[in-house]
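Numbering (this note's numbering), first residue to last: 2 to 152.
Take a look at the structure:
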């Protein structure tokens with residue numbers, strides 16, 4: 002995945018679109034190499050991109066992957082229809098679009114699994130992945146953000 006401009010230099014993107022910028026809010030910017038988030042916070046993402054091909058439909062998905070490689074969907078606040086996030090279809094090749102997404106993290110008192118043998122007081126490192134898939138199943142844009150969840 003190639004590095005992208007914006008306020009999240011650790012974020013990476015791929016897919017058949019050219020990503021121009023990635024902006025995050027709701028995180029702790031003092032964490033230099035990861036997106037630091039407290040449990041119960043809202044994280045927003047704005048991705049500016051230009052697709053290389055046309056798409057009649059898009060579908061959004063957000064997942065979390067832990068340090069052991071287990072991946073789970075994140076249903077909290079993610080509209081599956083990208084039109085609700087600012088990208089209207091059909092999507093034309095060569096046009097510039099901005100996708101705006103929101104993820105609500107679980108509250109600190111929500112039961113959660115520990116990765117490996119971790120104490121609950123330690124930060125939990127996971128990768129958050131936003132994916133926009135077109136009607137053919139191809140990935141238009143995928144943004145991966147290394148996260149640290151802190152108690």
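Backbone N, C-alpha and C fix where the C-beta goes; we use that ideal spot for every residue, glycine too.
Query, Result
"Coarse secondary structure for residue 137, derived from DSSP in three states", "coil"
"Rounded Cβ spacing between residue 128 and residue 148 (contact assumed at less than 8 Å)", "7 Å"
"Same chain, Cβ closer than 6 Å to residue 1, neighbours up to 5 away in sequence not counted", "Here the chain covers residues 2 to 152 and nothing more, so residue 1 does not appear."
"Cβ neighbours of residue 21 in the same chain (closer than 6 Å, five flanking residues each side left out)", "49"
"CB contact check: residue 145 to chain B, cutoff 8 Å", "Among the protein chains of the structure shown there is no chain B, as only one such chain exists."
"Proximity winner among 35, 146, 151, relative to residue 46 (alpha-carbon distances)", "146"
"N- and C-terminal bounds of the beta strand (DSSP E) containing residue 27", "Neither: residue 27 is in no beta strand (DSSP E) and is coded neither H nor E."
"Cα-Cα separation between residue 18 and residue 39, rounded to whole angstroms", "31 Å"
"Buried or exposed (CB count within 10 angstroms, at least 16 for buried), residue 52", "buried"
"Residue nearest to residue 142 in terms of C-alpha spacing, selected from 104, 10, 92", "92"
"Residues bridged to residue 54 (per DSSP)", "DSSP, once it has assigned bridges, lists no residue as partnering residue 54."
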